[in-house]
Structures are given as structure tokens and as C-alpha cells.
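Chemist: I'd like to ask you about the structure that follows.
Protein chains: 2
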Amino acid sequence: MKTTGVSAAHGDGLAEREALHRVSEAMFFAYRGFTADPDRMLQEHGYGRAHHRALHFIHRAPGTTVNNLLDILGVTKQSLNRVLRTLVEDGLVDARVGDRDRRERHLHLTVAGETLNRDLSEVQGERLNAAFAIAGEDAVTGFKTVLEAMMDPDLRRRFIEVAEGRK
Amino acid sequence: MKTTGVSAAHGDGLAEREALHRVSEAMFFAYRGFTADPDRMLQEHGYGRAHHRALHFIHRAPGTTVNNLLDILGVTKQSLNRVLRTLVEDGLVDARVGDRDRRERHLHLTVAGETLNRDLSEVQGERLNAAFAIAGEDAVTGFKTVLEAMMDPDLRRRFIEVAEGRK
DNA sequence: TTGGAATGTCAACAAGGCTGACATAAAATC
DNA sequence: GATTTTATGTCAGCCTTGTTGACATTCCAA
Numbered sequence: 041m042k043t044t045g046v047s048a049a050h051g052d053g054l055a056e057r058e059a060l061h062r063v064s065e066a067m068f069f070a071y072r073g074f075t076a077d078p079d080r081m082l083q084e085h086g087y088g089r090a091h092h093r094a095l096h097f098i099h100r101a102p103g104t105t106v107n108n109l110l111d112i113l114g115v116t117k118q119s120l121n122r123v124l125r126t127l128v129e130d131g132l133v134d135a136r137v138g139d140r141d142r143r144e145r146h147l148h149l150t151v152a153g154e155t156l157n158r159d160l161s162e163v164q165g166e167r168l169n170a171a172f173a174i175a176g177e178d179a180v181t182g183f184k185t186v187l188e189a190m191m192d193p194d195l196r197r198r199f200i201e202v203a204e205g206r207k
Numbered sequence: 041m042k043t044t045g046v047s048a049a050h051g052d053g054l055a056e057r058e059a060l061h062r063v064s065e066a067m068f069f070a071y072r073g074f075t076a077d078p079d080r081m082l083q084e085h086g087y088g089r090a091h092h093r094a095l096h097f098i099h100r101a102p103g104t105t106v107n108n109l110l111d112i113l114g115v116t117k118q119s120l121n122r123v124l125r126t127l128v129e130d131g132l133v134d135a136r137v138g139d140r141d142r143r144e145r146h147l148h149l150t151v152a153g154e155t156l157n158r159d160l161s162e163v164q165g166e167r168l169n170a171a172f173a174i175a176g177e178d179a180v181t182g183f184k185t186v187l188e189a190m191m192d193p194d195l196r197r198r199f200i201e202v203a204e205g206r207k
């Protein structure tokens with residue numbers, strides 16, 4: 041009796057489908073758990089998840105341009121702009137006009153922005169670490185491997201550029 | 041030099057924080073990849089992700105009541121009702137008045153509902169299987185373990201009841 | 001110098017969350 | 001039998017975060 045669902049690529053279609061259902065559900069619930077704590081914290085500041093994402097990626101790629109951020113986040117500039125404007129108004133993000141190209145805005149977190157971002161990361165990190173502690177080191181390694189394989193290849197490339205190649 | 045980020049619970053705070061950042065990003069991008077294909081398919085039918093979730097859980101727990109579904113999905117009845125109404129109107133979901141308790145509506149997928157749900161599951165499953173094939177069997181086992189550890193304990197309990205205990 | 005890309009902004013709209021208030025029917029309780 | 005509680009649905013209105021379309025500005029490049 042095969043139970044992994046991975047090796048049973050053919051043969052037991054129904055059981056495999058049900059196994060995938062369970063993974064889908066786990067993914068749904070896990071993502072909810074993953075965002076629950078930051079969401080609560082953001083709400084206290086009058087922000088939403090979109091603000092968190094912007095803060096996160098500006099922190100990760102300081103000096104990045106709006107266009108680059110659009111590319112990573114995969115939303116329209118109008119949508120991002122609304123979020124970015126409130127963050128700039130509230131003094132969490134600094135948008136500097138580019139030296140070379142004055143159409144570009146280079147984005148940086150202010151001290152206040154870094155603080156909020158760190159607080160958000162911290163509660164999210166605590167939840168992750170708690171889960172990691174329960175699951176064990178080997179499981180975590182596998183977890184990361186599967187996550188990376190699930191990403192859109194294009195996005196994955198851009199993500200690596202941001203994470204390592206600097207802008 | 042520790043690189044796992046799990047065992048380094050203390051000592052190298054900064055490196056650990058950056059490791060968690062990477063996991064957060066991977067989680068964000070992976071979830072996007074996870075929902076991208078069904079989202080596209082749903083859009084063609086004029087539906088959204090909320091419809092998918094309703095279809096999925098009605099399929100998984102046929103005959104479930106509205107209240108139970110609210111519990112699992114964690115949304116308000118107004119929000120669910122909007123979705124459920126369109127699904128019933130479009131003939132994808134059947135809402136039967138309860139025999140024992142006639143206040144309750146027991147929800148079932150119609151044949152058309154089962155069909156759409158299967159199509160959605162299929163594209164999502166293909167994406168999952170593709171990632172699983174790349175990552176390998178051991179990684180997948182770890183992946184599932186971590187996902188379950190990330191879920192809210194309360195939700196996890198209810199989830200297991202639905203998945204196994206029947207309603 | 002002029003056309004086209006990059007950027008930002010305004011307006012309007014949709015999905016899908018939310019709250020609050022209220023109606024109905026049925027079950028449960030007193 | 002009357003009252004309360006429960007399950008569900010519905011109306012109205014709000015918020016966040018997506019979307020398009022239109023348009024101004026700025027700059028680069030032909």
C-alpha cells in the first residue's frame with residue numbers, strides 16, 4: 041500500500057488525488073498561520089499585508105527602484121503606489137530621486153521603517169522557529185527545498201538576483 | 041559555521057534573521073505559484089479564490105453545514121454567503137435542508153461542481169507534483185511535516201476532524 | 001528635436017474581507 | 001405554550017488591495 045503520493049505518479053489516481061488535497065489544505069492553513077501574527081500587528085498600525093511586503097523587500101534590496109519592486113511583487117504600479125505613498129507619508133520609507141535618472145525613485149527604509157519591519161519579521165520568525173523546532177532539522181531542510189521548487193522559475197531567478205546579486 | 045538557522049537559536053542573531061527572511065520570501069513566492077494556475081482557471085469562470093476554497097471543502101466534507109464551513113474557512117457568514125449564493129445559483133453546489141434539523145443546510149457539490157473542483161485540483165496538483173519530483177521524496181516528507189507544524193493548533197484539530205472523523 | 005520608455009498620479013471599479021442590524025424558521029428550554 | 005437560542009440569510013456600508021484607463025513629466029536615444 042503506497043502512501044507517499046509521490047512515487048505513485050500513476051496507478052492509484054484516486055488515492056494520489058486525495059493525498060494532494062491534504063497537501064493543498066495544509067498549505068492553505070499553514071499560510072494562514074504564517075501571516076496571522078504580522079497581520080494582527082499591521083492592523084494596529086492601520087496597515088495591511090501589502091505594506092509588510094513593501095517594507096520587507098525594500099529592506100532586502102535597499103535603494104531599489106519602484107519598477108524593480110513592481111517586478112518582484114507582481115502588482116500594478118497604481119496598487120503599489122498607494123501603499124508606498126502612505127509609507128512615505130508616515131515616514132517609514134524614503135523615496136530619493138535618482139542621481140543619474142531623475143525619473144527613478146530609490147527606496148530606503150527610515151529608522152522607523154526598519155523598526156517596524158524588524159518587529160514584523162520577529163513575530164513571523166518566532167512562528168516559523170516554533171514550527172521548525174517541532175518538525176526537526178531534516179524536515180526543515182526538505183521544507184525549504186520544496187518551497188523553492190514550487191516558485192515560478194522566472195520569479196525564482198529574480199528573487200535570487202535580489203537576495204544575492206544586489207539589485 | 042552554522043548555516044541551518046534552526047540550531048542557531050542563539051548566538052548569531054543577525055544571520056539567523058536573514059535566514060528567516062529567505063524562508064519568508066520563499067513562502068510568499070511558493071504560495072503565489074501554488075495559487076497561480078487555479079486563479080487563472082477561476083477567472084475564466086468569473087470566480088475567485090474564495091469560490092475555490094468553498095468547492096474544495098464541500099468536496100472534502102460532503103453534507104457539511106454552513107456553520108461548519110464558516111468555522112473551517114474562518115470568514116464571516118456574510119462573506120461566505122456571497123460566494124455560496126453564486127455557486128448555488130450557478131448549479132455547482134446543492135444546499136439541502138436538513139432532515140433532523142431543518143434550520144441547517146447541508147452542502148453538496150453537483151456533478152458540475154465536482155467537475156470544476158476536479159479541474160482546479162488537477163492543475164494545482166500538477167504544479168505540486170512537479171515541485172515534488174524536483175525536490176525528492178524525503179524533502180516532501182519534511183515539507184508536509186513543517187506545514188502541519190505551522191498551522192494554528194485549533195485549526196489543525198478541526199482540519200483533522202474534517203479530513204478523517206467525518207464532519 | 002522628437003518619439004518612446006519610465007515614472008507617478010487621478011479616477012473609477014471589482015473582489016472579498018469586515019461590522020452591524022435585522023428577519024425567519026426551527027429547535028430547545030422553561 | 002411561551003420564550004429563548006440557534007442556524008441561516010440578507011441588506012447596507014466600509015476597508016484593503018487588486019485591476020484599467022488616461023494623462024503629465026522626465027529622460028534617453030534615434
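Chains as they are written, first to last, in the numbering used here: chain A, 41 to 207; chain B, 41 to 207. Beta carbons: idealized from backbone N, C-alpha and C, even for Gly.
Take every Cβ of the region 138-146 of chain B, pair it with every Cβ of the region 49-64 of chain B, and state whether three or more of those distances are shorter than 8 angstroms.
Modeler: no
Chemist: Just to confirm before moving on: does the CB-CB distance between D77 (chain B) and G182 (chain A) stay below 8 angstroms?
Modeler: Taking the first residue of the second sequence as position 1, residue 77 (chain B) is located at position 37. Taking the first residue of the first sequence as position 1, residue 182 (chain A) is located at position 142. Going by C-beta atoms, D77 (chain B) is not nearer than 8 angstroms to G182 (chain A).
Chemist: Looking at L149 (chain B): is its Cβ nearer than 8 angstroms to the Cβ of H99 (chain B)?
Modeler: Looking up residue 149 (chain B) in the second sequence gives position 109. Looking up residue 99 (chain B) in the second sequence gives position 59. Taking 8 angstroms as the Cβ cut-off, L149 (chain B) and H99 (chain B) qualify as a contacting pair.
Chemist: Starting from L109 (chain A), trace the alpha helix (DSSP H) in both directions and tell me its first and last residue.
Modeler: The count along the first sequence starts at 1 and reaches residue 109 (chain A) at position 69. Counting along the chain, the alpha helix (DSSP H) containing L109 (chain A) begins and ends at V106 to L113.
Chemist: Under a CB-based cut-off of 8 angstroms, is R57 (chain B) close to chain A?
Modeler: Within the second sequence, the letter at position 17 stands for residue 57 (chain B). So yes, R57 (chain B) belongs to the interface.
Chemist: Looking at V180 (chain A) and V180 (chain B), is the spacing between their C-beta atoms short of 8 angstroms?
Modeler: In the second sequence, the residue the question calls residue 180 (chain B) occupies position 140. In the first sequence, the residue the question calls residue 180 (chain A) occupies position 140. The Cβ-Cβ distance between V180 (chain B) and V180 (chain A) does not fall below 8 angstroms.
Chemist: Grouping DSSP H, G and I as helix and E and B as strand, with all else coil, what is D139 (chain B)?
Modeler: Mapped onto the second sequence, residue 139 (chain B) falls at position 99. Coil.
Chemist: Closest to G73 (chain A) by CA distance: which of B:G131, B:D192 and B:R197 is it?
Modeler: Reading the first sequence from its first residue, position 33 is the one you call residue 73 (chain A). Here the closest residue by C-alpha is B:D192.
Chemist: Listing by chain order, which chain B residues have their CB less than 8 angstroms from the CB of D192 (chain A)?
Modeler: Taking the first residue of the first sequence as 1, we reach residue 192 (chain A) at position 152. Those are F69, R72, G73 and A76, listed as they occur along chain B.
Chemist: Would you please state the rounded distance, in angstroms, between the beta carbons of V106 (chain A) and K117 (chain A)? I believe it to be under 8 angstroms.
Modeler: Sequence index remark: in the first sequence, residue 106 (chain A) carries index 66 (1-based). Sequence index remark: in the first sequence, residue 117 (chain A) carries index 77 (1-based). Their Cβ separation, rounded to whole angstroms, is 7 angstroms, which keeps V106 (chain A) and K117 (chain A) in contact under 8 angstroms.
Chemist: Where does D77 (chain B) sit, in a helix, a strand or coil, going by DSSP?
Modeler: Taking the first residue of the second sequence as position 1, residue 77 (chain B) is located at position 37. In the structure shown, D77 (chain B) sits in a helix (DSSP, three-state: H, G or I).
Chemist: Which residues in chain B have a C-beta closer than 7 angstroms to the C-beta of T185 (chain A)? List them in chain order.
Modeler: By 1-based counting over the first sequence, the position of residue 185 (chain A) is 145. Here the neighbours are A175 and A179.
Chemist: Per DSSP, what are the beta-bridge partners of V163 (chain A) in this structure?
Modeler: In the first sequence, the residue the question calls residue 163 (chain A) occupies position 123. Residue pairing by DSSP leaves V163 (chain A) without any beta bridge partner.
Chemist: If I measure Cβ to Cβ from L110 (chain B) and keep anything under 7 angstroms in the same chain, skipping five residues before and after, which residues do I get?
Modeler: By 1-based counting over the second sequence, the position of residue 110 (chain B) is 70. Answer for L110 (chain B): K117 and L120, listed in chain order.
Chemist: Just how far apart, CA to CA, sit L160 (chain A) and P102 (chain A)?
Modeler: Taking the first sequence and counting its residues from 1, the one referred to as residue 160 (chain A) is at position 120. Taking the first sequence and counting its residues from 1, the one referred to as residue 102 (chain A) is at position 62. About 18 angstroms.
Chemist: Of all Cβ atoms in chain A, is any one closer than 8 angstroms to the Cβ of G53 (chain B)?
Modeler: Translated into positions along the second sequence, residue 53 (chain B) becomes position 13. No, G53 (chain B) does not count as interfacial toward chain A.
Chemist: From A90 (chain A) to D139 (chain B), what distance separates their C-alpha atoms?
Modeler: One-based indexing of the first sequence puts residue 90 (chain A) at position 50. One-based indexing of the second sequence puts residue 139 (chain B) at position 99. Our two residues, A90 (chain A) and D139 (chain B), have alpha carbons roughly 45 angstroms apart in a direct line.
Chemist: According to DSSP, is D134 (chain B) part of a helix, a strand, or is it coil?
Modeler: Taking the second sequence and counting its residues from 1, one reaches residue 134 (chain B) at position 94. Correct three-state label for D134 (chain B): strand.
Chemist: Can you round the beta-carbon distance between G153 (chain A) and L195 (chain A) to whole angstroms, since I take them to be within the 8 angstroms contact cut?
Modeler: By 1-based counting over the first sequence, the position of residue 153 (chain A) is 113. By 1-based counting over the first sequence, the position of residue 195 (chain A) is 155. Contact flag wrong, Cβ pair sits at about 24 angstroms.
Chemist: Flag L195 (chain B) as yes if its beta-carbon sits less than 8 angstroms from any beta-carbon of chain A, otherwise no.
Modeler: Locating residue 195 (chain B) in the second sequence gives position 155, where the first residue counts as 1. Interface residue, yes.
Chemist: Nearest by alpha-carbon distance to T126 (chain A): which of A:V137, A:A175 and A:Y87 is it?
Modeler: For the purposes of this step, residue 126 (chain A) is identified with residue 86 of the first sequence, where counting begins at 1. Taking only the C-alpha atoms, the option nearest T126 (chain A) is A:Y87.
Chemist: Could you tell me if E56 (chain B) is buried or exposed, where buried requires 16 or more neighbouring beta carbons within 10 angstroms of its beta carbon?
Modeler: Here residue 56 (chain B) is taken as the residue at index 16 of the second sequence, counted from 1. Label assigned to E56 (chain B): buried.
Chemist: One question on the structure: do E188 (chain A) and A66 (chain B) come within less than 8 angstroms of each other, judged by their Cβ atoms?
Modeler: As a position in the first sequence, residue 188 (chain A) is number 148, starting the count at 1. As a position in the second sequence, residue 66 (chain B) is number 26, starting the count at 1. Yes; because the gap between Cβ atoms is below 8 angstroms, this pair is in contact.
Chemist: Can you name the residues of chain B whose CB is closer than 8 angstroms to the CB of S119 (chain A)?
Modeler: Position 79 of the first sequence holds residue 119 (chain A). Those within 8 angstroms of S119 (chain A) in chain B number zero; the least Cβ separation is about 15 angstroms.
Chemist: Against chain B, does H61 (chain A) count as a neighbour if the rule is that its beta carbon must be under 8 angstroms from one of theirs?
Modeler: Here residue 61 (chain A) refers to the residue found at position 21 when the first sequence is read from its first residue. For H61 (chain A), the answer is yes, since a Cβ of chain B falls inside 8 angstroms of its Cβ.
Chemist: Using a Cβ-Cβ cut-off of 8 angstroms, state whether R125 (chain A) counts as contacting chain B.
Modeler: As a first step, residue 125 (chain A) must be located in the first sequence, where it is residue number 85. Closer than 8 angstroms: no.
Chemist: Mind listing the chain B neighbours of Q164 (chain A)? Cutoff is C-beta to C-beta under 7 angstroms, in chain order.
Modeler: To locate residue 164 (chain A), count along the first sequence from 1; it is residue 124. Within chain B, the residues near Q164 (chain A) are S64.
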